[in-house]
Each structure stands twice: as structure tokens, then as C-alpha cells.
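Residue numbers (the numbering used here): 647 to 749.
From the three backbone atoms N, C-alpha and C, an ideal C-beta is built for every residue, glycine too.
Quantities reported herein were computed from a predicted structural model and do not represent experimental measurements.
What follows is a short report on a single structure.
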């Protein structure tokens, strides 16, 4: 796995999501349209921390990226998009931070 995302103090909820090397296209260099995804891309090999507010924004940006794809939610980014949306939703709803680790 190229990039791992872990919920802090998640308890029994979903705790982990990842972006594999072949799934990096979910991220976007377009900081105007997708500022949070662009930030993750720039910190891909680092260890960024995501606040609950950033997680809420990321959830919306991932949905936007999926809608931009020609095949939409049935395209090659659908699986990674769903993993990320579920984790970002848990973070924002429960006020949890996400710690990321790049390879």
C-alpha cells in the first residue's frame, strides 16, 4: 500500500483506509477545485494529519472526483473513493483526526 490513513481512537468503527499505488489518480493537483486532495498529493510520501473539518471537505472532494470521471461511480476509482468516503465520514461525524503514512 502506498498511502495509509488511520482514525485516531476509532474504537469499533472503521479504522483504516488506503490508497494503493495504482489508485493515486483519486488525488488531484488542481488546488483550485480540490484543495484538500491537492494537499494530500503534495504530502503523499509524508505523514499528514487530517482534522475532522478537513475530512468533511475531503469527503466532498472525493465525491466530486468520482463525478468528474467518465464512468462515474462505476469507474476504476470507485473502490478507493468509497473506502476514503467511509473513513472521512467517520472522522467528521465523530470528531476524530486521521493520521496518514506514506511509503
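Quick check: what's the CA-CA separation for residue i versus residue j?
i: residue 682; j: residue 700; result: 7 Å
i: residue 728; j: residue 746; result: 17 Å
i: residue 674; j: residue 740; result: 26 Å
i: residue 696; j: residue 733; result: 11 Å
i: residue 679; j: residue 710; result: 9 Å
i: residue 724; j: residue 666; result: 13 Å
i: residue 685; j: residue 664; result: 16 Å
i: residue 721; j: residue 735; result: 21 Å
i: residue 716; j: residue 653; result: 31 Å
i: residue 726; j: residue 662; result: 12 Å
If you compare alpha carbons, which of the options is closest to residue i?
i: residue 687; options: 734, 697, 704; result: 704
i: residue 676; options: 707, 649, 720; result: 707
i: residue 749; options: 689, 725, 653, 672; result: 689
i: residue 671; options: 654, 692, 649, 736; result: 649
i: residue 702; options: 652, 722, 730, 661; result: 730
i: residue 691; options: 726, 651, 743; result: 651
Buried or exposed: which applies to residue i, given that a residue is buried once 16 or more other Cβ atoms fall within 10 Å of its Cβ?
i: residue 738; result: buried
i: residue 669; result: buried
i: residue 693; result: exposed
i: residue 713; result: exposed
Following the continuous beta strand (DSSP E) through residue i, name the residue where it begins and the one where it ends.
i: residue 737; result: It is not in any beta strand (DSSP E) - residue 737 instead sits in the alpha helix (DSSP H) that spans 724-740.
i: residue 651; result: 649-653
i: residue 671; result: No beta strand (DSSP E) contains residue 671, which DSSP labels as neither H nor E.
Terminal residues of the continuous alpha helix (DSSP H) containing residue i?
i: residue 707; result: 698-714
i: residue 684; result: 681-688
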